[in-house]
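>
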Amino acid sequence: MSHLQTFSLLACIFVLASAGIEEYEEMSGSLDGSAEAIEEALSPEKLKPLEGCTVNGKVYKDGETFLSNGNFIKRCRVVDLGFRTEIVACVLRKMKKRLGVGRSATYGGFKYSCKKSGDGIVTLEAVYQGSGRGPQNEYD
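Going left to right, the sequence shown walks through residues -19 to -1, 1 to 121 as mature numbering (1 follows the signal peptide of the UniProt record, and there is no 0) numbers them.
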């Protein structure tokens, strides 16, 4: 087996692993790890091409945005071996507004900040600033 074939095989195994072990078992018939079983599981007839990011059973295409958990807007992105999602905005549900990652706005006496930490975690922070009756900064 050439290096390219080995790399392709490993890439396909990675995709199968990310799809879930149950699907792999269905496709291969066993998990014995033999070359024949792996080759069978990776045959073009059994592999389905990745179509996008699958979230709660719905498929999103590259660049498509969607509401996640009612609190965040996520975007589907193509990466080397498949797809991934990234949070691009926080949602202020009561105001029905969206606040881009790295942005802040004051509304109703609260300063809202959509922050991304160094390890990639996005949070929506609300800090009371005093009285207020409406938005004082623009939302994106």
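Backbone N, C-alpha and C fix where the C-beta goes; we use that ideal spot for every residue, glycine too.
(1) Keeping to the same chain, check which residues put their C-beta closer than 8 Å to that of G101; ignore five residues upstream and five downstream.
(2) What separation, rounded to the nearest whole angstrom, lies between the Cα atoms of V36 and C57?
(3) Between the region 86 to 105 and the region 65 to 75, do at least 3 Cβ pairs fall closer than 8 Å?
(4) Compute the minimum distance between the beta carbon of R56 and the heavy atoms of the ligand MG, and state whether it is under 8 Å.
(5) Please state whether DSSP places I68 in a helix, a strand or coil.
(6) Starting from A86, follow its DSSP beta bridges and name the residues at the other end.
(7) For E106 and Y41, what's the separation of their Cα atoms in angstroms?
(8) Classify I19 as helix, strand or coil using the three-state DSSP reduction.
(9) Could you give the residue range of the beta strand (DSSP E) that holds L31?
(10) By DSSP, does K39 sit in helix, in strand, or in coil?
(11) What is the DSSP secondary structure of K75, counted as helix, strand or coil?
Once the coordinates are examined:
(1) Locating residue 101 in the sequence shown gives position 120, where the first residue counts as 1. Around G101: no qualifying Cβ.
(2) Residue mapping note: residue 36 aligns to position 55 of the sequence shown, counting from 1. Residue mapping note: residue 57 aligns to position 76 of the sequence shown, counting from 1. Using only the alpha carbons, I get a separation of about 10 Å.
(3) yes
(4) Among the components modelled here there is no ligand, and therefore nothing to report on the ligand MG.
(5) For this step, residue 68 is matched to residue 87 along the sequence shown. Correct three-state label for I68: strand.
(6) If you number the sequence shown from 1, residue 86 lands on position 105. For A86, which the question treats as bridged, DSSP gives the partners Y93.
(7) Position 125 of the sequence shown holds residue 106. Position 60 of the sequence shown holds residue 41. Straight-line Cα distance between these residues: approximately 28 Å.
(8) Position 38 of the sequence shown holds residue 19. I19: helix per DSSP, three-state reduction.
(9) As a first step, residue 31 is located in the sequence shown; it is residue number 50 there, counting from the start. No beta strand (DSSP E) holds L31; DSSP gives it neither H nor E.
(10) Here residue 39 corresponds to residue number 58 of the sequence shown, with the count starting at 1. Strand at K39.
(11) The residue given as residue 75 occupies position 94 in the sequence shown. It is coil, neither helix nor strand.
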